[in-house]
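As structure tokens, the structure follows; a few thoughts come after it.
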Amino acid sequence: YNTDNVLKIYPGTFAILQYFMRSSDRLWGCELHSEAFAALTKLSRGKHQIRQVDGLQQLIAMMPPQERRGLVVID
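In the numbering used here, each number is its position in the sequence shown, counted from 1, plus 62.
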């Protein structure tokens, strides 16, 4: 996003996570705010699960993950 080593654009946590994901990784995003939810949905391009729900409630509902391991990022 910033090729000249000058911070002009902060891509956001979701975009940063997508960049570092392996092909075998899953990414779930939760956002309550309608505009931010729409932006995340567009950014995911149908590759990831984006839900318009409370993130903490969704996290509790998803425990433990199928893989029995995971990384949680709260932004």
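Beta carbons: idealized from backbone N, C-alpha and C, even for Gly.
Note that this is a predicted model, so its numbers are computed, not measured.
Exposed or buried, what is residue i when buried is set at 16 or more other beta-carbons lying within 10 Å of its beta-carbon?
i	result
L133	exposed
E93	buried
Per DSSP, what kind of secondary structure is residue i in: helix, strand or coil?
i	result
I112	strand
G91	strand
I136	coil
I71	coil
Going by alpha carbons, who is nearest to residue i out of the options?
i	options	result
E97	R113, S86, G108 and T65	R113
I78	L102, L94, D66 and S86	L102
R84	P127, K109, G117 and Q128	K109
G91	R131, I122 and G117	G117
Could you pull out every residue in the same chain whose Cβ sits closer than 7 Å to the Cβ of residue i, ignoring the five residues on either side in sequence?
i	result
Y63	I71 and P73
Tell me whether residue i counts as near the ligand COA, meaning its Cβ is closer than 7 Å to at least one heavy atom of that ligand.
i	result
V134	Questions concerning the ligand COA fall outside what the structure shown contains, since it holds no ligand whatsoever.
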